[in-house]
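Everything on this sheet refers to the single structure shown next.
2 protein chains.
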Amino acid sequence: MELLHQKIKQEGVVLEGGVLKVDTFLNHQVDARLMFEIGQTFGELFAESGVTKIMTIESSGIAPAVMTSLQLQVPMIFARKRKSLTLREDLYTERIYSYTKQEESEVTVSRKFLTPADRVLIIDDFLANGEAALGMARIALQAGAEVAGIGIVIEKSFQPGRGKLLEQGFRVESLARIASLEDGEVTFV
Amino acid sequence: MELLHQKIKQEGVVLEGGVLKVDTFLNHQVDARLMFEIGQTFGELFAESGVTKIMTIESSGIAPAVMTSLQLQVPMIFARKRKSLTLREDLYTERIYSYTKQEESEVTVSRKFLTPADRVLIIDDFLANGEAALGMARIALQAGAEVAGIGIVIEKSFQPGRGKLLEQGFRVESLARIASLEDGEVTFV
Numbered sequence: 483m484e485l486l487h488q489k490i491k492q493e494g495v496v497l498e499g500g501v502l503k504v505d506t507f508l509n510h511q512v513d514a515r516l517m518f519e520i521g522q523t524f525g526e527l528f529a530e531s532g533v534t535k536i537m538t539i540e541s542s543g544i545a546p547a548v549m550t551s552l553q554l555q556v557p558m559i560f561a562r563k564r565k566s567l568t569l570r571e572d573l574y575t576e577r578i579y580s581y582t583k584q585e586e587s588e589v590t591v592s593r594k595f596l597t598p599a600d601r602v603l604i605i606d607d608f609l610a611n612g613e614a615a616l617g618m619a620r621i622a623l624q625a626g627a628e629v630a631g632i633g634i635v636i637e638k639s640f641q642p643g644r645g646k647l648l649e650q651g652f653r654v655e656s657l658a659r660i661a662s663l664e665d666g667e668v669t670f671v
Numbered sequence: 483m484e485l486l487h488q489k490i491k492q493e494g495v496v497l498e499g500g501v502l503k504v505d506t507f508l509n510h511q512v513d514a515r516l517m518f519e520i521g522q523t524f525g526e527l528f529a530e531s532g533v534t535k536i537m538t539i540e541s542s543g544i545a546p547a548v549m550t551s552l553q554l555q556v557p558m559i560f561a562r563k564r565k566s567l568t569l570r571e572d573l574y575t576e577r578i579y580s581y582t583k584q585e586e587s588e589v590t591v592s593r594k595f596l597t598p599a600d601r602v603l604i605i606d607d608f609l610a611n612g613e614a615a616l617g618m619a620r621i622a623l624q625a626g627a628e629v630a631g632i633g634i635v636i637e638k639s640f641q642p643g644r645g646k647l648l649e650q651g652f653r654v655e656s657l658a659r660i661a662s663l664e665d666g667e668v669t670f671v
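Written as structure tokens, this is what we have:
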């Protein structure tokens, strides 16, 4: 996606430890027009995939996911993130480890929103180690649903996430694939 | 908003303590088409208000806020919620008390996204006691910005939030105003 590549080049800030900060248009301030185009692009990529639900995790996944949901005309669910939680029977729960934050959180989805008849499109803002996407996929599989695909806004292709997802047979579509952040410079694949 | 009223009537669940659960279309599962129409409605209501920024709080405010942002063609910022935080100079911070969750959280916005030149439209999913909206307004005022208005998806008009906001001179536009949830029944104003 050309517009997304431009935004990353112009506004992305490379921090230590391979972190790319894009808080001017995705993670804190949000460019709604860009999100709309991201939704259109995912909508086209997964138009023939029989998607019945979009799933993301709060908070940064919500804007691209709701725009994709608008295009595909199916409901979006955002999984809730919590530090710890008493087990509740009405929830699907998975633990997700964040390398960036170095903490584990529990992610939950209400059982009533996922059924074995669902084909779930997982949308997320970043793919790095793949923990969040894999956690969402496990929730879909817990529900007996199928994973129709995984749509990522920004993929750090130098980290193992994409490989792990492909290994499990998932289709992965990333709108920007970053080969390297070395020397504070963004290089696309 | 007729469509919103219908959704609340059909899918809203009244819980104890005056809680209205709308997790089928707003707080967990999200109806993107409805969010788009909500964005259009806020866009029309505030078209002449000189809005330069939309502000909301993660997570449930993000979907209606990004759709409003799309209509008004100005950036959206979602304030981050955290349980506790070391003071950081690059952030505006306000404490917000949630009566529903009975806990206080700190809400932060990066200083670089708000300036005295801004006219901020605050968007939120619910208005009850007004704590969240007032907290966001205080952040805007900390930045020297003006509050152009407050747009609420669902207002519990039997709670004091609206009154508090009007008292401070803010314009409040709520798309659904609930007069009562007594006997498990939703009654609109």
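Top line first, the protein sequences correspond to chains A and B. Taking the working numbering, the leading residue of the first sequence gets 483, the next gets one more, and so forth. Taking the working numbering, the leading residue of the second sequence gets 483, the next gets one more, and so forth. Heads up, the beta-carbon is just placed ideally off N, CA and C, and yes, glycines get one too.
- Scanning chain B for C-beta atoms nearer than 7 Å to the C-beta of Asp505 of chain A yields Ser592, reported in chain order.
- For the pair Gly633 of chain B and Phe524 of chain B, the CB atoms are nearer than the 8 Å cut-off.
- Between Arg562 of chain A and chain B, the shortest Cβ-Cβ separation is below 8 Å.
- As a beta-bridge residue in DSSP terms, Tyr579 of chain A pairs with A:Glu586.
- Of the candidates B:Val504, B:Ser551, B:Leu573, the residue whose Cα lies closest to the Cα of Glu526 of chain B is B:Ser551.
- Beta-bridge pairing by DSSP links Val602 of chain A to A:Lys535, A:Val629.
- Leu623 of chain B and Ile604 of chain B have their alpha carbons spaced roughly 12 Å apart.
- Between the alpha carbons of Asp505 of chain A and Gly521 of chain A lies a distance of about 19 Å.
- At a beta-carbon threshold of 7 Å, the residues of chain B lying near Ser541 of chain A are Glu540, Ser541, Ile544, Phe560, ordered along the chain.
- Here Lys638 of chain B is buried. Its C-beta has 16 or more other C-beta atoms within 10 Å.
- Take Ala630 of chain A, set aside five residues on each side of it, and the residues of its chain with a beta-carbon closer than 7 Å to its own are Phe528, Ser531, Gly532, Val533, Arg601, Val602, Leu603, in chain order.
- A distance below 7 Å between beta-carbons, with the five flanking residues on each side excluded, links Val512 of chain A to the following residues of its chain, in chain order: Ala545.
- Non-local beta-carbon contacts of His487 of chain A in its own chain, meaning distances under 7 Å to residues more than five positions away in sequence, involve Ala658, Phe670 in chain order.
- Excluding five sequence positions before and after Lys594 of chain A, the CB atoms of its chain that fall closer than 8 Å to its own CB belong to Asp572, given in chain order.
- By the rule that beta-carbons nearer than 8 Å mark a contact, Ala514 of chain A touches chain B.
- Put simply, the CB of His510 of chain B is near chain A, with a gap under 8 Å to one of its CB atoms.
- When 8 Å is used as the limit between beta carbons, Ser656 of chain A is near no residue of chain B, the shortest such separation being about 21 Å.
- Residue range 484-493 is occupied by the alpha helix (DSSP H) that includes Glu493 of chain B.
- Shown here, Gln511 of chain B sits in a strand according to DSSP, grouped into three states.
- With contacts defined as CB atoms closer than 8 Å, Gly617 of chain B and Gly643 of chain B fail to qualify as a contacting pair.
- Closer than 8 Å to the CB of Met618 of chain B there is not a single CB belonging to chain A.
- A residue is called buried when at least 16 other Cβ atoms come within 10 angstroms of its Cβ; Asp665 of chain A does not meet this threshold and is exposed.
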